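Novice: Note that the protein sequences, when read in sequence, are chains A and B.
Under the working numbering, the first sequence has 4 at position 4, and the numbering climbs by one with no breaks.
To get the working numbering, take the position in the second sequence, counting from 1, and add 67.
Note that CB positions come from ideal geometry on N, CA and C, so glycine has one too.
The structure displayed is predicted, hence computed values, not measured ones.
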Amino acid sequence: MRVLLRHPERREIEIAGRRRVGELLAELGLQPEAYLVIRGNRLLTRDAQLEETDTIEVRPVVSGGAR
Amino acid sequence: MRCTKCRGQEACLEVRRHNAAFCEACFLEFFRDQVARAIERHKMFRRDEPVLVAVSGGKDSLALWDVLLDLGYDATGFYIGLGIPGYSEPSREKCEAFAAQRGARLIVTDLESEYGLGIAATAQRTMRTPCSACGLSKRYLFNKVAQEHGFRVVATGHNLDDEAATLFGNVLRWQTGYLGRQAPVLAEEDGFIRKVKPLYRLAEREMAAYCVLRGIDYIVDECPMSKGAKSLLFKDVLNQLEAVSPGTKQSFLFGFLEKAQPLFEEHEEVELRPCGQCGQPTTAELCAFCRLRAEVAQPKRRRGRGGKAARAPRDGTPEPATAASALPLVSPES
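(1) Taking 8 angstroms as the limit between beta carbons, can you name the residues of its chain near Cys70 (chain B), skipping five residues before and five after?
(2) Keeping to the same chain, check which residues put their C-beta closer than 6 angstroms to that of Gly343 (chain B); ignore five residues upstream and five downstream.
(3) Using only CA atoms, which one of B:Phe98, B:Asn86, B:Arg74 lies nearest to Glu271 (chain B)?
(4) Determine the contact status of Gly148 (chain B) and Thr176 (chain B), defining contact as a CB-CB distance below 9 angstroms.
(5) In the DSSP assignment, what are the bridge partners of Lys262 (chain B)?
(6) Suppose the cutoff is 8 angstroms on Cβ atoms and the five residues either side in sequence are ignored; what does the same chain contact list for Glu179 (chain B) look like?
(7) Could you name the residues of chain A that Val287 (chain B) contacts, counting a contact when the two beta carbons are closer than 8 angstroms?
(8) For Leu308 (chain B) and Thr315 (chain B), what's the separation of their Cα atoms in angstroms?
(9) So that I know if they touch, is there some Cβ in chain B lying closer than 9 angstroms to that of Thr45 (chain A)?
(10) Just list the residues that DSSP pairs Val58 (chain A) with in beta bridges.
(11) Within the 9 angstroms Cβ cut-off, does Val102 (chain B) reach chain A?
(12) Give a yes or no on whether the C-beta atoms belonging to Ala121 (chain B) and Phe145 (chain B) are separated by under 9 angstroms.
(13) Does Arg84 (chain B) come out as helix, strand or coil in the three-state DSSP assignment?
(14) Which residues, taken in chain order from the region 22-49 of chain A, show a beta carbon closer than 9 angstroms to some beta carbon of chain B?
(15) With a threshold of 9 angstroms between beta-carbons, can Met68 (chain B) be considered close to chain A, or not?
(16) Give, in chain order, every residue of the region 256-277 of chain B whose Cβ lies closer than 8 angstroms to some Cβ of chain A.
(17) Taking Cβ positions only, does Gly64 (chain A) come closer than 9 angstroms to chain B?
(18) Helix or strand or just coil, what does DSSP make of Ile174 (chain B)?
(19) Assuming Val3 (chain A) contacts Val21 (chain A) (C-beta within less than 8 angstroms), just tell me the rounded distance between them.
(20) Among the residues of its own chain, which have a CB less than 8 angstroms from the CB of Pro60 (chain A), if the five just before and after it don't count?
(21) With 9 angstroms as the threshold, decide whether the Cβ of Asn237 (chain B) is near any Cβ in chain A.
(22) For Ala48 (chain A), which three-state DSSP category applies?
(23) Between Gln76 (chain B) and chain A, is there a C-beta pair that is closer than 9 angstroms?
(24) Report the neighbours of Gly125 (chain B) on chain A: residues whose CB is nearer than 8 angstroms to its CB, in chain order.
(25) Here's the rule: buried if 16 or more other CB atoms are within 10 angstroms of the residue's CB, otherwise exposed. What is Ser63 (chain A)?
(26) DSSP beta-bridge partners for Cys89 (chain B)?
(27) What residue range does the alpha helix (DSSP H) around Tyr267 (chain B) cover?
(28) Under 9 angstroms, Cβ to Cβ, is there at least one residue of chain A near Leu80 (chain B)?
(29) Residues in its own chain within less than 6 angstroms of Ala276 (chain B) by CB, not counting five upstream and five downstream?
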């Protein structure tokens, strides 16, 4: 699956295999309170299943300073 | 997971501190309800009272503007061009696009062209850090422009995470003056108009979710001049606590407002007078904004960030951090 990340800078990574949103965030070391996971124009909860063919955005929501 | 409210639709967002997961429709209803509750509980403004909404192009201020319009309030946006290369231009465009889309009124002020105080240039030519100059200028202009256009209340997009982080920073250093002035409403007094924070009950993640669901295009990237700001550290720490114990941020902030904030309120009489130059309220001959303008007009050699800055008179401007301080001061109004 393609994962668009935004910090520390905008980048895309490829991750093999299916997994749930919560598992992905844990693997990436990201706090669930600090991110939204978006597929297309839909928000995903932590139990949502991500497929190998998906393209998703992991969007930081915390503002108040550049990292 | 299913929506815990209507039990019909697929949930799109969990709000763990409320033991809830909402579908899109129920989340939007929850969001509006939390804002309405904040406005009513704290008597922020009446239905017939025009509100000036400070907007930056970010998720919080655009969400605020959107929900106030949705709730039927007369909400005008106010954008300040800060003169930050690569950031101010797209930020302003987001506000203009939103205003056009909603048929809402937007007032725009430019710090550099109107006051000679673009943040990037000001930071280079004075002893103030960019964040300090920015905060000072925004607070000054919110007040001045609101008065010029006949508004009696300014609303800002501070959310639960912002307020909890500010509180946290001020408690760590026991900034009792700031603690006494952190509240969802700052009443009108002595030339300062009323300032309100209608989003204070909602978490940052819920702001972003609201914008995504409402199709609001906001600027996601952070201000490039704000690298290393301590507010991010405070937010990270609080989010770690929140992950382990959902509701921590809310109980910290709401508990403070209910039980502790009144204990820090100061009732000393402060003598305010009109600034000799612009007429805005200040304790000194000239207000901090006019002094900053004068300083920029006559650039001095920077002493570097290790030097101790002169103490600024009390006119709502926080003192800049000194080398001796481990953490910067966090004004509840910044």
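Specialist: Inspection of the coordinates gives the following:
(1) By 1-based counting over the second sequence, the position of residue 70 (chain B) is 3. In its chain, beyond the 5 residues on either side, Gln76, Glu77, Ala78, Ala88, Phe89, Cys90, Cys93 have a beta carbon closer than 8 angstroms to the beta carbon of Cys70 (chain B).
(2) Taking the first residue of the second sequence as position 1, residue 343 (chain B) is located at position 276. Within the same chain, Glu352, Leu353 come within 6 angstroms of Gly343 (chain B) by CB-CB distance, once the 5 residues on both sides are set aside.
(3) By 1-based counting over the second sequence, the position of residue 271 (chain B) is 204. Looking at the Cα atoms, B:Phe98 is the closest of the given residues.
(4) Within the second sequence, residue 148 (chain B) is the residue found at index 81, counting from 1. Within the second sequence, residue 176 (chain B) is the residue found at index 109, counting from 1. The answer is yes: Cβ separation under 9 angstroms.
(5) Residue numbering aside, residue 262 (chain B) sits at position 195 when the second sequence is read from its first letter. Secondary-structure assignment with DSSP links Lys262 (chain B) through a beta bridge to B:Val221, B:Leu253.
(6) Here residue 179 (chain B) refers to the residue found at position 112 when the second sequence is read from its first residue. So the qualifying residues of the chain are Gly148, Gly150, Gly185, Ala188.
(7) Taking the first residue of the second sequence as 1, we reach residue 287 (chain B) at position 220. Within 8 angstroms Cβ-Cβ: Arg6, Arg59, Pro60.
(8) Taking the first residue of the second sequence as 1, we reach residue 308 (chain B) at position 241. Taking the first residue of the second sequence as 1, we reach residue 315 (chain B) at position 248. Between Leu308 (chain B) and Thr315 (chain B), the C-alpha separation is close to 7 angstroms.
(9) Taking the first residue of the first sequence as 1, we reach residue 45 (chain A) at position 45. By this cut-off, Thr45 (chain A) is an interface position.
(10) As a position in the first sequence, residue 58 (chain A) is number 58, starting the count at 1. Note: Val58 (chain A) sits in a beta bridge opposite A:Leu5, A:Val37.
(11) For this step, residue 102 (chain B) is matched to residue 35 along the second sequence. Among the CB atoms of chain A, none fall inside 9 angstroms of the CB of Val102 (chain B).
(12) Your numbering for residue 121 (chain B) matches position 54 in the second sequence. Your numbering for residue 145 (chain B) matches position 78 in the second sequence. Contact: yes.
(13) Numbered from its first residue, the second sequence carries residue 84 (chain B) at position 17. Here DSSP, grouped into helix, strand and coil, assigns Arg84 (chain B) to helix.
(14) If the cut-off is 9 angstroms between Cβ atoms, the region 22-49 of chain A has Gln31, Pro32, Glu33, Ala34, Tyr35, Leu36, Ile38, Asn41, Arg42, Leu43, Leu44, Thr45, Arg46, Asp47, Ala48 near chain B.
(15) Taking the second sequence and counting its residues from 1, one reaches residue 68 (chain B) at position 1. It does: the Cβ of Met68 (chain B) has a partner Cβ on chain A nearer than 9 angstroms.
(16) Taken in chain order, the members of the region 256-277 of chain B whose beta-carbon sits within less than 8 angstroms of a beta-carbon on chain A are Ala270, Glu271, Arg272, Met274, Ala275, Ala276.
(17) Here residue 64 (chain A) refers to the residue found at position 64 of the first sequence. Closer than 9 angstroms to some Cβ of chain B, the Cβ of Gly64 (chain A) qualifies, so yes.
(18) Here the question's residue 174 (chain B) lines up with position 107 in the second sequence. In this structure, Ile174 (chain B) counts as strand in the three-state DSSP scheme.
(19) Along the first sequence, one-based indexing puts residue 3 (chain A) at 3. Along the first sequence, one-based indexing puts residue 21 (chain A) at 21. Between Val3 (chain A) and Val21 (chain A) the beta-carbon gap is near 11 angstroms, outside 8 angstroms, which marks them as no contact.
(20) Locating residue 60 (chain A) in the first sequence gives position 60, counting from the first residue. Answer for Pro60 (chain A): Arg6, His7, Ala34, Tyr35, listed in chain order.
(21) As a position in the second sequence, residue 237 (chain B) is number 170, starting the count at 1. No, no contact with chain A.
(22) Residue numbering aside, residue 48 (chain A) sits at position 48 when the first sequence is read from its first letter. Of the three classes helix, strand and coil, the one that applies to Ala48 (chain A) here is coil, per DSSP.
(23) Locating residue 76 (chain B) in the second sequence gives position 9, where the first residue counts as 1. For Gln76 (chain B), the answer is no, since every Cβ of chain A falls outside 9 angstroms of its Cβ.
(24) Taking the second sequence and counting its residues from 1, one reaches residue 125 (chain B) at position 58. Chain order gives the chain A residues near Gly125 (chain B) as Ser63, where near means a beta carbon separation below 8 angstroms.
(25) Within the first sequence, the letter at position 63 stands for residue 63 (chain A). Classification for Ser63 (chain A): buried.
(26) Taking the second sequence and counting its residues from 1, one reaches residue 89 (chain B) at position 22. Residue 89 (chain B) is actually Phe in this sequence, not Cys. In DSSP, Phe89 (chain B) forms a bridge with B:Leu80.
(27) By 1-based counting over the second sequence, the position of residue 267 (chain B) is 200. That residue, Tyr267 (chain B), is in no alpha helix (DSSP H); it is neither H nor E in DSSP.
(28) Translated into the one-based positions of the second sequence, residue 80 (chain B) becomes position 13. With a threshold of 9 angstroms between beta carbons, Leu80 (chain B) makes contact with chain A.
(29) Position 209 of the second sequence, counted from the start, is the residue given in the question as residue 276 (chain B). Counting only Cβ-Cβ distances below 6 angstroms, and skipping sequence neighbours, we find Leu80.
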